[in-house]
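If you read the sequences in order, they're chains H, R and Y. Offset between the first sequence (1-based) and my numbering: plus 2. Offset between the second sequence (1-based) and my numbering: plus 1081. Offset between the third sequence (1-based) and my numbering: plus 1161. Where is the CB? At the ideal position from N, CA and C, for every residue including glycine.
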Amino acid sequence: MRLPRWFHLLGSPPFIYKLAGKVTPWLGVISCVLLAIGAYWGLVIAPPDRVQGEVYRVLFIHPQIAYVSVMAYVVMAVAAGIGYVWRIKLAHAVAVTAAPIGASFTACALATGSLWGRPTWGTYWQWTDPRIMSETLLLFLFLGYLALRAAFEDRDKADRVSAILAVVGVVDVPIIHYSVIWWNSLHQGPSIMKLDKPSIAPEMLTPFLIMVLAFTVCFLWLLLNGLRAEIVERERDSRWIQQLVEGANG
Amino acid sequence: MNEFFRMGGDGTYVWSAYGVTLAVLLLNVWWARWRHRSALERARASNGDNRVSRRPTVRTIE
Amino acid sequence: MAPFLSIVDRDVRIAARRLSEAANPLLFFVIVTTLFPLALSPSSDEIREVGTGVLWVSTLLSSLLALEGLFRSDADDGSLEQLMLSPVPLGVTVLAKITAHWLITILPLIALVPILALSYSMPITALPTMFYALMLATPTLSVLVALGAALTVSLRRGGAIVGLLVLPLTAPVLIFGTRATDFGLHDQPTAGPLYLLAALAALALALGPIAIAAALRVGME
């Protein structure tokens, strides 16, 4: 079976570098616009919540960042897996780019959640909350991946060893998620948080969804930006990069 | 206007949360740019010294 | 089956020659379990509640200590490469090594648990559940730690990060194990978490050796 040409192009670093270079400015503009619209809508236009008052407005950033952090891990693991099985260097480049972005988003999710928790739950941290535990463990999974990579000098080895870790991790992530929910449901009565309920007022739902889209596009933008840097780093000595930097010199 | 910043008394929390998020996003943007720039500089400096040739070298025995 | 048993036999014999090394995780287990009451100063009511968590975390850390060097001595003297070259599937070899080390280091640990559990004022009726939970959980823990050991096999100071890599992955085992023990403590039905532990063990034993073998191949190339 002959694979279509675009399939091979997807594995070509110079092609992706140039394609990403054309796409990222647009993604940047779109994500900034969406973030601005969503933030303004959420902070200014949306009415105060009946129960939480004004502080609920963290709803427009915290769940979105948390969701993107999990998505980042999945992207990382899938990319690493593809790179391992089919030996596609570009896939490993995607994985290694996604990792620090995902880790910083996970930390951000924990921080924003903690800041939200203080005025609403009365405490900055609640060890027995399933989502906090899940997200904390996810942060450790990201850090473990980065630490393992850093320990290897040979980039190829680092790629493939950390790919195995990432794939095992992604299998474990749903197990961790459900086991922690099960664990907490026994500890105390289910604490209903407003964002658990899908019944959210429409004036709040729209900015919520806008921000979901905004953060997703933003992640994609950051990913492609970082991917271009990673490609240059990896292909440093290749002919096309040398031509590129020479061309820049004039 | 003041009410906007106070956020019903919980202004510190809301604005800190939004501020942290903005900081994380900006950090990521700056980090990617920095990596890109330094990678290009290293590419310029290395001059293709460590290139791995994909074409097999054919040697003939004279 | 025969190659599996011969590798188990080999590893057990090697460990038997250096029993002091095999005893280290055991001693670590006892010491850690002793230090917790020192740090927590629990009252006589609290001590039973803390006991479950303390014993399980100690087991987890002791497994880490016991197995993080699983492949190191063989990698150092070249026998790991020989094992990898043999016609025996690497997954089988890996499973055999894990079994051997489990027999030598973890099984004695499980034997010690009842004594320590009694020191934590846990009633004797809770002990069978704890025993079943440990028997089901420790294979999974062993597989996960072995994975960490395989991923870091070619690193000089690999042992240091095995914990960081592996401990987050063991969270579900910890959760189900402590829950099962707690249920046993409070006379509640324990079948649920025990079945879940069994499921995790089945998953780990079936798929783990594949990942571990892959990690070894990458590390040793």
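G1090/R to E237/H, Cα distance in whole Å? Looking at the two C-alpha atoms, the distance is approximately 53 Å.
Selection from I1175/Y, R1378/Y, V1218/Y, S1181/Y that minimises the alpha carbon distance to T1195/Y: By alpha-carbon distance to T1195/Y, the top candidate from I1175/Y, R1378/Y, V1218/Y, S1181/Y is V1218/Y.
So G1230/Y is in the alpha helix (DSSP H); what residue range does that whole segment cover? Careful: G1230/Y lies outside any alpha helix (DSSP H) and carries neither H nor E.
Residue burial classification, M1283/Y (beta-carbon count within 10 angstroms, cutoff 16): Under this definition M1283/Y is a buried residue.
Where the alpha helix (DSSP H) through N1083/R begins and ends: Segment 1083-1087, the alpha helix (DSSP H) holding N1083/R.
From the beta carbon of N1109/R, is the nearest beta carbon of chain H less than 9 Å away? Yes - at least one Cβ of chain H is within 9 Å of the one on N1109/R.
Cβ of S181/H less than 9 Å from any chain Y Cβ? Using beta-carbon distances, S181/H counts as an interface residue toward chain Y, with a partner under 9 Å.
Tell me the DSSP secondary structure of D51/H in three-state form. Strand.
Relative to chain Y, which residues along the segment 91-108 of chain H have a C-beta separation below 9 Å, given in chain order? Flagged: no residues at all.
Own chain, CB closer than 7 Å to W223/H, minus 5 neighbours either side, in chain order: These residues qualify, in order along the chain: T26, L29, G30, S33.
Which term fits N1185/Y, buried or exposed, when burial requires 16 or more other beta carbons within 10 angstroms of its beta carbon? Its Cβ having fewer than 16 others within 10 Å, N1185/Y is exposed.
G1214/Y versus P176/H: straight-line alpha-carbon distance, rounded: Between the alpha carbons of G1214/Y and P176/H lies a distance of about 23 Å.
What residues of chain H sit near I1336/Y, judged by a beta carbon separation below 8 Å? Here the neighbours are S181, V182, W184, W185.
Rounded C-alpha distance that separates N1131/R from T1342/Y: Near 59 Å, if we compare the C-alpha coordinates of T1342/Y and N1131/R.
If contact is defined by three or more beta carbon pairs under 8 Å, each pair taking one atom from either stretch, is the segment 1292-1305 of chain Y in contact with the segment 1189-1207 of chain Y? Proximity of the segment 1189-1207 of chain Y to the segment 1292-1305 of chain Y falls short of the contact definition, fewer than three beta-carbon pairs being nearer than 8 Å.
Partners in chain R for H64/H, counting only beta-carbon separations shorter than 9 Å: The contacting residues are A1098, T1102.
In angstroms with no decimal places, state the Cα-to-Cα distance between P1203/Y and V1211/Y. Roughly 8 Å separates the two Cα atoms.
Around the Cβ of S1099/R, are there at least 16 other Cβ atoms within 10 angstroms (buried) or fewer (exposed)? Here residue 1099/R is Tyr; the residue named in the question, Ser, does not match the sequence. By the neighbour-count criterion, in which a residue is buried when 16 or more other Cβ atoms sit within 10 angstroms of its Cβ, Y1099/R is buried.
Just to make sure I have the definition right: I need the residues of chain Y whose C-beta is within less than 8 Å of the C-beta of R162/H. Which are they? By Cβ distance, chain Y contributes V1379.
DSSP state of P1370/Y mapped onto helix, strand, coil: Assigned with DSSP and collapsed to three states, P1370/Y falls in helix.
Sub-9 Å separation of A74/H and A101/H beta-carbons: Closer than 9 Å, so yes.
Taking only three categories from DSSP, how would you classify L1264/Y? Looking at L1264/Y - three-state DSSP - the assignment turns out to be helix.
Should L197/H be flagged as near chain R, meaning a C-beta pair shorter than 9 Å? With a pLDDT of 48 at L197/H, under the threshold of 50, the predicted position of this residue should be treated as unreliable, though the coordinate-derived value follows. The beta-carbon of L197/H is placed no less than 9 Å from the nearest beta-carbon of chain R.
Excluding the 5 residues preceding and the 5 following D161/H in the sequence, name in chain order all residues of the same chain whose CB lies nearer than 7 Å to its CB. Counting only Cβ-Cβ distances below 7 Å, and skipping sequence neighbours, we find G85, H94.
By how many angstroms is the C-alpha of I1142/R removed from the C-alpha of G146/H? CA-CA distance, G146/H to I1142/R, rounds to 52 Å.
Does W127/H have its Cβ less than 9 Å from a Cβ in chain R? No - not a single Cβ of chain R is within 9 Å of the one on W127/H.
Chain H within 9 Å of A1376/Y, Cβ atoms only: It does; some Cβ of chain H falls within 9 Å.
Touch test, the segment 1243-1253 of chain Y against the segment 1322-1329 of chain Y, Cβ-Cβ under 8 Å, three pairs minimum: Result no; under three Cβ-Cβ pairs closer than 8 Å.
What do you get for P192/H, buried or exposed, if any count of 16 or more other CB atoms within 10 angstroms of its CB means buried? Here P192/H scores only 38 on pLDDT, less than 50, and its place in the model should not be relied on; the value that follows carries that caveat. Flag for P192/H reads exposed.
Contacting residues, own chain, Cβ-Cβ under 7 Å from P15/H (five flanking each side not counted): Hits under 7 Å: L92, I233, E237.
Could one say the Cβ of N1083/R lies closer than 9 Å to chain H's Cβ atoms, at least one of them? Residue-level contact check: N1083/R does not touch chain H, since none of the beta carbons of chain H fall below 9 Å from its beta carbon.
Are F253/H and I103/H close, meaning C-beta to C-beta below 9 Å? Residue 253/H falls outside the range modelled here, since chain H spans only 3 to 252, and no answer is possible.
Using a Cβ-Cβ cut-off of 6 Å (strictly less than) and excluding sequence neighbours within five positions of W242/H, which residues of its own chain qualify? Correct list, in chain order: P16.
Can you give me the C-alpha to C-alpha distance between A1375/Y and I166/H, rounded to a whole angstrom? C-alpha separation (whole angstroms): 8 Å.
Can the beta-carbon of A97/H be found closer than 9 Å to that of A1120/R? Taking 9 Å as the Cβ cut-off, A97/H and A1120/R do not qualify as a contacting pair.
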